[in-house]
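Q: Note that our numbering has the sequence shown beginning at 9, numbered continuously upward. For each residue, glycine too, the CB sits at the ideal point set by N, CA and C. Note that the structure is a prediction, hence the values are computed from the model and not measured.
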Amino acid sequence: MKSPASVTRRSLLQAAALGAAHAGSAAAVEEEWAVKPDGPDFGGLRIGLTTFSTRKLTLDQTIALLKQTGVRNIALKYFHLPMDSTKEERRLAIRKIHDAGLTLAGCGVIGLSGDEKSVRDRLDYVQDIGSPSVTATTTAERLEQLDSIIKDYANIKIAIHTHGPEDDLSYWRWSAAKIIDKIRHLDSRIGVCVDVGHTFRVPIDPVAAIHTCGDRLYDVHLKDLKEANRRRLDVPVGRGVVDIPAIMRALHDVNYRHHVALEYEAEPETPEFGIAESFGYLRGLLYPRA
9 MKSPASVTRR
19 SLLQAAALGA
29 AHAGSAAAVE
39 EEWAVKPDGP
49 DFGGLRIGLT
59 TFSTRKLTLD
69 QTIALLKQTG
79 VRNIALKYFH
89 LPMDSTKEER
99 RLAIRKIHDA
109 GLTLAGCGVI
119 GLSGDEKSVR
129 DRLDYVQDIG
139 SPSVTATTTA
149 ERLEQLDSII
159 KDYANIKIAI
169 HTHGPEDDLS
179 YWRWSAAKII
189 DKIRHLDSRI
199 GVCVDVGHTF
209 RVPIDPVAAI
219 HTCGDRLYDV
229 HLKDLKEANR
239 RRLDVPVGRG
249 VVDIPAIMRA
259 LHDVNYRHHV
269 ALEYEAEPET
279 PEFGIAESFG
289 YLRGLLYPRA
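1. Considering only residues of the same chain and omitting the five flanking positions on each side of Ile102, which have a CB-CB separation below 7 Å?
2. Give the straight-line distance between the Cα atoms of Gln153 and Glu124, rounded to the nearest whole angstrom.
3. Counting only runs of 3+ residues fully inside the segment 111 to 184, write out the beta strand (DSSP E) ranges in chain order.
4. Out of Glu40, Pro45, Gln76, Ala185, point me to the one whose CA is closest to Pro7's CA.
5. Which residue from Phe50, Glu97, Glu39, Trp41 puts its Cα closest to that of Gly288?
6. Provide the residue(s) that pair with Ala269 in DSSP beta bridges, ordered along the chain.
7. Does the segment 204 to 215 come into contact with the segment 139 to 151, if we say contact requires no fewer than three beta-carbon pairs (one atom in each stretch) closer than 8 Å?
8. According to DSSP, simplified to helix, strand and coil, what is Leu67?
9. If you follow the beta strand (DSSP E) that Val202 is in, where does it begin and where does it stop?
10. Between Thr145 and chain C, is the shortest Cβ-Cβ distance under 8 Å, so that the two count as touching?
11. Across which residues does DSSP place Asp242 in a beta bridge pair?
12. How is Ala254 classed by DSSP in three states: helix, strand or coil?
13. Roughly how many whole angstroms lie between the Cα atoms of Asp261 and Lys159?
14. Per DSSP, what kind of secondary structure is Leu100 in: helix, strand or coil?
15. Does the segment 252 to 261 come into contact with the segment 215 to 227, if we say contact requires no fewer than three beta-carbon pairs (one atom in each stretch) closer than 8 Å?
16. Which same chain residues, not among the five before or five after Val249, have their C-beta less than 8 Å away from its C-beta?
17. Quick one: what's got a C-beta closer than 8 Å to Lys85's C-beta in the same chain, skipping five residues either side?
18. Closest to Leu194 by CA distance: which of His171, Arg150, Asp107 is it?
19. Report buried or exposed for Lys165, applying the criterion of at least 16 other Cβ atoms within 10 angstroms of its Cβ.
20. Alpha carbon to alpha carbon, how far is Ser286 from Val243?
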């Protein structure tokens, strides 16, 4: 009869051999696992959030939401950093954003239709927070003033925001094509923000609006709508009737490199689920494929 010691030694040797074989087999299987190909998040588009979506939440809550969803770009609305804030308040807010690993990709919508001092004060705000662009409203009469003033703000682009059918349809700012016609001769840093939802409700095809702007498209506000009519009936992106895949293709077609800001206007008190669902849809839509 074999001693317990010899059996134990043999068992250990067998176990070691089996373990090595199993490890080799596991490694072989792991090498064959189907994993998604490497690629930039959201297909390389700069997807983020305009904080009008979280207007009833604090800046801290907004930052926490973006971190939870893994989205890094943020465009500030004055709910979270007032226009009359001090330089120190601006510095601290932007430091908080940067410390959270987020990138300030824009700000607005901000009115730029006042006198020269008012416009300069607001552009100073944009400059102080280090925003590369400001999405703005203005009047046709103030465009020449903006053309003169923007020359003193070398690092800022102005994106004039397309409006919706709440205004008379003779109004120039509801159409990206009309805006382009008004600004074509102005400083190239003055461009357009296509608000997908407002544009769709006019109705104008957002894809056509994007192509019309070309390299003067400096911001996009992304929305989806429950129905094809002129009412504001926001739903999470991907759940409505707006052709979001066609819009994403158009942005790639024009080689768009600026912010695509989700603007989820519904559920202001509890927008978290709609925002998270929208980003999830966009991740799936813009999934990097081999």
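A: Based on what the coordinates show:
1. Leu112, Ile137, Gly138
2. 7 Å
3. 111 to 119, 141 to 145, 165 to 169
4. For residue 7 there is no data in the structure shown, the boundaries of the chain being 9 and 298.
5. Phe50
6. Gly56, His229
7. no
8. helix
9. 198 to 203
10. No chain C is part of this structure, which consists of one protein chain only.
11. Leu233
12. helix
13. 29 Å
14. helix
15. yes
16. Asp232, Leu233, Lys234, Glu235, Ala236
17. Thr58, Thr59, Phe60, Arg63, Cys115, Gly116, Val117
18. Arg150
19. buried
20. 9 Å
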